[in-house]
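Each remark here refers to the structure printed beneath this line.
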Amino acid sequence: MKIDRRSFLSFIVGGAAGTALTPLPWKITDDLSIWSQNWPWTPVPPNGEVTFVNSVCRLCPGGCGITVRKVDARAVKIEGMDGYPVNDGGICPLGLSGLQLLYGPTRIPYPMKRKGNRGDGKWEKISWEKAVSEVVTKLGEIRKNNRPHGLACISESDRGTVAGLMARFMSAFGSQNFIRQPSMEDSYELALYLMHGIRAEAGFDIENAAFVLSFGSGVIEGWGSPVRMFRANSKLIKTGGKVVQIEARLSKSAAKSDKWIPINPGTETALALAMAHVIIKEGLYNKDFIENHAFGFEDWTDGQGNKQQGFKSLVTATYAPENVAEATGVEKAVIVSLARHFARASKPLAICGRGQGRTSSAIGEFLAVQALNALVGNINQEGGFHAISDNDYIDWPEIETDQIASNGLQNGRLDEAGSENYASVRYLPHRFFENIIAETGYPIQVLFAAGANPLYSLPDTKAVKAALDKVPFIVSFSSFMDETAQYSDIILPDHTYLERYEDVPTPIGLQKPIIGLTRPVVSPQLDTKHLGDVILGIAKGLGGSMAQAFPWKSYEACLEKTLGRKLDTLLDKGYWSPAVFSVPEWIKAFETASGKFEFVVSDQDGNGDRKTKPIADWYTGVESQGDPVTYPLLLIPYDSMRLVNGFVGDPPFVIKTVEDTVLKGKDVFIEINPKTAKQLGLSEGKYARLTTPKGNAKVRVHLFEGIKEGIIALPRGLGHTAYDSYIADKGVNYNELIGAVYDPVSGLDAAWGIRAKLGKA
Amino acid sequence: MSASEEQNSPEAEAPDEEEMDVETSEPIEPLKPEEGKNGAGATIFLFFILGFAASLIVGWVVFPKLLYSKKIQPINFNHALHVAEAAEGCESCHYFREDGSFSGVPTISHCIECHENVNGEDPEEKKFVREYVEAGKEVPWLIYAKQPASVFFSHAAHVITAKMECVACHGPIGESTETRIYEENRLTGYSRDIWGKNISGIKQHSWERMKMDDCADCHMQKATSEKESGVQQSLTRQLREMVSVAFPNVMEVKKGSSVQTEKDACFVCHK
Amino acid sequence: MKQTQGNNGNKKFGMVINLDLCTGCGSCMVACMAENNVPFKEDETDKLDSITWMRVYKLKNGKSWPNADICYLPRPCMHCGGHGDHGHSPCVSVCPAVATDYSMATGIVSQIYTRCFGCRYCMAACPYHVRYFNWWDPVWPEGMERFLNPDVSVRMRGVVEKCSFCFHRYQLAMNKAFLEGRRVLEEDEYQSACTQACPAGAITFGDLNNPEHAVHQLVQPDPKHAGRPRNPKAFRLLERLETNPKVYYVSSRKWVRQSGDNYLKKEKQKI
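Here the protein sequences line up with chains A, B and C, keeping their order. Quick note on this note's numbering: the first sequence kicks off at 3 and runs consecutively. Quick note on this note's numbering: the second sequence kicks off at 12 and runs consecutively. Quick note on this note's numbering: the third sequence kicks off at 3 and runs consecutively.
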């Protein structure tokens with residue numbers, strides 16, 4: 003039999019007919035379609051038992067309660083904790099994205115030691131024993147050389163047990179150089195110390211206020227505890243409370259307020275004093291408070307018998323509305339009407355601290371705003387301003403310092419806080435770095451960075467870098483590869499907040515004390531260690547009085563001992579708050595020399611930085627840096643909930659929400675009034691060169707009618723050089739373009755903007 | 012043929028042409044070719060049959076063998092023994108969680124309640140305790156009923172609300188004394204149980220297949236209250252659908268919640 | 003979930019967003035992304051291919067300084083009921099694959115990713131730009147896929163996706179209800195992820211058919227006019243297209259309400 007072409011074709015046809023009668027073609031078609039709908043590279047998240055763990059968010063000072071949804075051992079979603087006093091179920095974009103940080107590529111996986119030059123990004127993996135012993139050896143050396151004050155530490159916070167342990171470590175070691183990242187807390191604490199005579203935190207009973215007067219505070223842009231402020235703002239809207247926003251730019255807070263009063267930036271102090279002028283002139287102030295519980299309202303006589311000006315004559319003489327109208331850009335009639343509305347409101351409250359309040363400000367501005375609160379008598383009243391002190395739950399034994407430490411402590415702080423000139427202020431971070439560069443004081447040999455990223459978040463990044471170059475040994479405790487970690491010599495990575503225990507003291511701005519508990523949601527995912535345990539380990543390694551100062555076996559033991567019975571409540575409820583709490587009455591509220599609220603903050607005996615200075619010297623703002631001829635424009639920053647501006651950068655989800663009129667590709671947009679842009683020959687989307695006395699950057703132009711002519715605005719939170727490719731090298735870091743401007747009376751950095759010019763690029 | 016050759020032998024060609032005419036005229040309708048055609052036809056038909064038969068064998072016998080890889084469960088599990096011991100039958104191990112979700116295959120933490128130590132003589136139990144319980148490792152069970160990620164199935168709706176028996180979908184697995192071979196589809200990666208043991212697609216029992224049509228079978232049955240099974244059921248269903256589309260007023264078909272499909276909305280079962 | 007009691011038993015889940023309370027913070031966007039396994043790329047500044055089921059738009063009043071005003075408007079899927087509320091949403095009507103359908107039982111427009119073949123007719127049809135196409139396969143940086151939610155399937159390249167009103171949460175809540183012997187959910191048992199997360203409490207979610215639910219009370223939908231709000235401060239986007247959306251907005255600012263549709267000058271006065 004010959005197999006010819008026809009037979010072959012017949013075979014094929016027979017085969018095809020047969021195949022059609024088998025499941026083969028249909029089954030393959032079906033299976034291929036199933037296969038094509040389930041690509042092996044598309045992840046299938048495994049299912050499992052769903053559980054919820056309550057904890058407290060640590061990504062900003064807001065201290066919100068969170069509930070983390072877990073599927074078996076995986077954390078899959080962070081939600082706001084229902085019933086938590088701060089946020090009651092609400093949560094911000096950053097808090098929602100915490101798992102991207104926990105599981106993300108910016109984590110530091112294990113202890114690392116620098117290879118090659120600083121900032122090269124070349125690291126060597128080392129063991130925890132080796133990492134701790136390296137630090138112990140370095141610290142041992144400087145103690146041996148009798149220079150313990152050569153150790154410094156910069157931290158995000160100074161409250162709670164972890165920061166407490168760090169501060170204790172510094173003291174036991176013999177250094178006063180514990181520094182907190184700047185924020186409006188610096189200014190509020192100082193204002194409270196000067197006017198109330200107490201070391202306390204500012205609390206705002208916004209929920210119950212009827213009229214909130216905000217001097218540039220981003221009420222709904224992350225000021226204070228963000229979610230709590232959102233909720234308070236919603237409550238105000240529902241109950242008919244009024245919010246007036248005084249701000250140079252139409253921010254979200256300004257747009258959402260009942261009235262936006264555009265003001266020339268930097269003139270807030272003058273406006274507050276002009277309002278005080280109207281309130282006093284028209285007799286609208288709280289007479290009981292001013293006459294019985296305040297000092298320095300009227301003229302007074304100091305210890306030397308000299309006549310001194312009081313608050314009343316200061317504002318009546320100098321700050322008539324018509325005198326400040328031009329400087330502030332606010333019409334006289336508006337000032338008068340605003341002052342009347344404020345003073346006549348049932349529960350008025352004035353607040354300040356620009357944007358998210360992540361910078362310090364001129365003390366004069368805070369004094370002036372606080373003076374308004376005093377005039378309307380809202381201090382420690384419902385819906386008013388509350389002074390809260392809550393740190394009393396930490397009660398550790400006194401440190402017994404050895405001779406070396408005692409000697410070291412004699413050297414004082416390198417940043418000069420607490421010195422003759424700046425006796426009342428607690429931290430001056432910018433001056434710390436400046437003194438390192440200038441080589442004034444003494445050299446810093448070891449710097450700890452704990453939960454702080456000064457190389458990104460302090461003004462004048464170039465100067466900070468130059469200062470770091472003069473510090474021979476930088477230790478980072480960061481969980482994430484941030485700018486400072488990248489520029490350190492050794493990294494001892496901390497657990498993230500989702501992997502550790504930690505107490506959370508009263509969130510910033512809250513009107514009543516509360517302690518929260520951060521607890522492990524998942525087991526440590528990487529070879530990291532709790533910062534508390536690392537401090538204990540280093541102290542033990544140093545031995546002697548250092549080891550004795552830390553009698554706890556572990557951080558957890560320390561936390562248990564510190565919190566005592568509160569811990570049970572914390573584990574059970576997720577937070578602890580006093581059963582009964584009320585702020586003291588006026589008669590007991592003030593611990594000043596006069597026992598009263600003091601308008602005039604000069605020391606009556608003429609001591610320290612409060613030696614008798616005319617009252618006018620205290621109630622002032624500062625000018626911006628740069629001369630108006632070379633730099634005709636004013637550059638101000640703005641904050642946004644979508645641009646994270648703390649010790650972490652934007653996680654991928656959050657940077658995704660940023661509008662394309664803020665960031666496009668890698669370019670940041672500068673907001674400018676269309677008329678100013680036209681004068682400069684710039685139009686929407688065009689590239690421009692932005693120059694300030696501190697630096698320059700290439701930006702794109704976004705025309706915005708919500709900004710005054712001559713002013714330009716740049717967002718904070720961009721321009722990272724570290725972290726991952728989702729955030730790095732996008733936009734410009736505002737801090738590279740600005741420098742510190744000293745408040746002459748307090749020494750705080752008071753910069754609110756900088757002069758700038760914009761040209762075609 | 013080139014022109015020069017024609018010129019070279021013009022005479023010789025003529026008689027050839029005549030001869031050729033005679034010779035070529037004959038095979039136009041010859042007998043032989045007719046016989047040959049019949050013979051060739053048979054051959055062709057034979058080859059058709061061969062191809063037909065071969066493809067049937069390939070399709071029905073070889074293909075299913077090739078399509079599925081055979082895997083053995085990590086532990087030979089005796090369901091019958093466990094059901095006899097357990098107080099609450101299937102639900103002792105395959106229970107509902109408080110949130111209404113179904114636990115599915117138990118985890119080690121559940122097994123450990125009884126098997127913290129070796130209880131009996133069974134080598135499989137010894138292996139289980141040593142390799143998984145003591146090592147704190149989950150058993151990588153191969154799950155016969157595992158559905159693709161795009162499928163949502165509520166055990167609560169079926170078992171609690173509709174009071175269905177486990178057997179209806181999973182078969183009498185509780186009576187098995189050892190684990191079956193797990194046949195994995197090489198293309199899709201899912202178990203053969205999903206598509207059906209019988210390669211023809213005809214099922215004898217409701218639990219022999221777990222595809223979308225099988226859900227539909229049952230749901231249509233519920234809707235029309237008719238007891239049909241297998242091919243018959245599926246055919247009548249399709250017929251009824253065709254009729255209802257062609258003559259919407261003739262036949263009343265119970266409509267589901269989806270506007271487009273007139274059945275339940277797709278996302279009731281798909282996620 | 004089967005439609006058993008005619009239209010009376012049907013739910014109509016909808017959302018009311020108070021634009022006076024909305025702060026434009028973006029929590030709803032992120033909550034949605036985290037809940038629904040929405041992918042992200044290194045560069046998300048091209049908003050045409052940036053997948054955001056929930057997107058917050060910035061509205062401007064068009065006036066110059068200092069009379070300029072801005073307002074934020076979160077935009078999920080509108081889950082249009084279509085003209086007359088018969089379920090003929092713009093997208094559902096054009097889908098050739100039955101990958102998206104309208105559920106009468108819940109009023110939710112579903113999207114079945116494995117069914118979709120990516121023709122993008124629905125995207126062209128949707129007047130609200132709520133639908134997004136997966137131009138690329140989703141990629142999670144190593145380790146980050148650990149936070150993916152198993153209740154929502156991960157989408158692949160070539161399919162369209164959109165907001166589902168977190169329908170999986172409805173399914174899970176129903177599971178719990180079934181376990182407890184119920185078939186009806188309480189108002190707070192089914193809430194979308196954005197509603198739950200909103201720190202300003204600007205979003206309200208519930209059954210528009212149920213007069214006891216807050217959404218119904220807030221907007222007072224008029225059944226005679228396909229659910230048009232009777233609350234004068236409430237509005238829907240592109241009301242005059244009669245797509246009959248289930249997302250309502252409330253604003254005390256006239257210019258914001260006027261931004262909801264393309265009105266002529268003389269028409270604007272009535273808004």
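By construction, the Cβ of each residue, glycine as well, lies at the ideal position given by its N, Cα and C atoms. Since we're looking at a predicted model, the values are computed, not measured.
CB contact below 8 Å: residue 281 of chain B versus chain C: yes
Span separating the alpha-carbon of residue 618 of chain A from that of residue 248 of chain C: Take the alpha-carbon of residue 618 of chain A and the one of residue 248 of chain C: they are about 60 Å apart.
Buried versus exposed, by CB contacts within 10 Å (16 or more), residue 267 of chain A: Label assigned to residue 267 of chain A: buried.
C-beta neighbour in chain C for residue 171 of chain B, strict 8 Å: Residue-level contact check: residue 171 of chain B touches chain C, since one or more beta carbons of chain C fall below 8 Å from its beta carbon.
Closest residue to residue 52 of chain A among B:217, B:230, B:112, B:146 (Cα-Cα distance): B:112
Residue 69 of chain B versus residue 20 of chain A: straight-line alpha-carbon distance, rounded: Cα to Cα, residue 69 of chain B sits roughly 9 Å from residue 20 of chain A.
Residue-chain proximity (residue 7 of chain A, chain B), Cβ-Cβ < 8 Å: no
For residue 654 of chain A and residue 234 of chain A, the rounded distance between their alpha carbons: 28 Å
4-residue-minimum alpha helix (DSSP H) runs that sit fully inside the segment 325 to 354 of chain A, ordered along the chain: Secondary structure remark: continuous alpha helix (DSSP H) runs of at least 4 residues inside the segment 325 to 354 of chain A, in chain order: 334 to 346.
Cut-off 6 Å between Cβ atoms - residues of its own chain near residue 578 of chain A, not counting five sequence neighbours on either side: Within its own chain, the residues whose Cβ lies closer than 6 Å to the Cβ of residue 578 of chain A, once the five positions on either side in sequence are excluded, are 517, 568, 571, 572, listed in chain order.
Contacts of residue 272 of chain B in chain A (Cβ-Cβ under 8 Å): By Cβ distance, chain A contributes nothing, its closest Cβ being about 19 Å from residue 272 of chain B, past 8 Å.
4-residue-minimum alpha helix (DSSP H) runs that sit fully inside the segment 214 to 265 of chain C, ordered along the chain: 216 to 221, 256 to 260
Chain B contacts from the segment 109 to 131 of chain C (Cβ-Cβ distance under 8 Å): Answer set for the segment 109 to 131 of chain C: 110, 112, 113, 114, 115, 116, 117.
Segments of 3+ residues assigned as beta strand (DSSP E) that fall wholly inside the segment 613 to 655 of chain A: With a minimum length of 3 residues, the continuous beta strand (DSSP E) runs that stay inside the segment 613 to 655 of chain A are 635 to 640.
Residue 277 of chain B at chain C interface by Cβ criterion, 8 Å: yes
Contiguous beta strand (DSSP E) assignments of at least 3 residues, all confined to the segment 159 to 183 of chain C: none
Residue of A:96, A:14, A:35 minimising C-alpha distance to residue 65 of chain B: A:14
Close-in-space but distant-in-sequence residues of the same chain around residue 86 of chain B (CB under 7 Å, 5 per side omitted): 135, 138, 139, 150
Neighbourhood of residue 161 of chain C by C-beta distance below 6 Å, restricted to the same chain and skipping five residues each side: 115, 118, 120, 136
Any C-beta of chain C under 8 Å from that of residue 112 of chain B: yes
Positions along the segment 169 to 192 of chain C whose CB lies within less than 9 Å of some CB in chain B: 169, 170, 173, 174, 175, 176, 177, 178, 179, 180, 181, 182, 183, 185
Cutoff 8 Å: residue 219 of chain C Cβ touching any chain A Cβ: no
Unbroken stretches of the beta strand (DSSP E), 3 residues or longer, contained in the segment 68 to 129 of chain B: 79 to 82
Secondary structure of residue 271 of chain A, DSSP reduced to three states: helix
Host beta strand (DSSP E) of residue 761 of chain A (start-end): 756 to 762
Where the beta strand (DSSP E) containing residue 689 of chain A begins and where it ends: 689 to 694
Strand pairing of residue 774 of chain A, partner residues [DSSP]: Because chain A spans 3 through 763 in this model, residue 774 of chain A falls outside it and cannot be assessed.
Pairwise C-alpha distance: residue 310 of chain A and residue 301 of chain A: 6 Å
Residue 556 of chain A: CB within 7 Å of a non-hydrogen atom of the ligand ADP: This structure lacks the ligand ADP, and indeed carries no ligand of any kind.
Buried or exposed (CB count within 10 angstroms, at least 16 for buried), residue 59 of chain C: Its Cβ having fewer than 16 others within 10 Å, residue 59 of chain C is exposed.
Per-residue contacts from residue 107 of chain A into chain C (C-beta, under 9 Å): Correct list: 143, 144, 145, 146.
Chain A contacts made by the segment 198 to 226 of chain B, where a contact means CB separation under 8 Å: For the segment 198 to 226 of chain B, the residues whose beta carbon sits under 8 Å from a beta carbon of chain A are, in order, 198, 199, 200, 201, 206, 210, 211, 212.
Through-space distance from residue 259 of chain A to residue 708 of chain A, alpha-carbon basis: 14 Å
Short-range partners of chain A found in the segment 60 to 83 of chain B, where Cβ spacing is below 8 Å: 60, 61, 62, 63, 64, 65, 66, 67, 69, 70, 71, 74, 75, 78
Within chain A, the residues that residue 58 of chain B reaches when beta carbons sit closer than 8 Å: Those are 5, 9, 10, 12, 13, 16, listed as they occur along chain A.
Closest by C-alpha distance to residue 251 of chain A, when choosing among A:742, A:675, A:737, A:745: A:675
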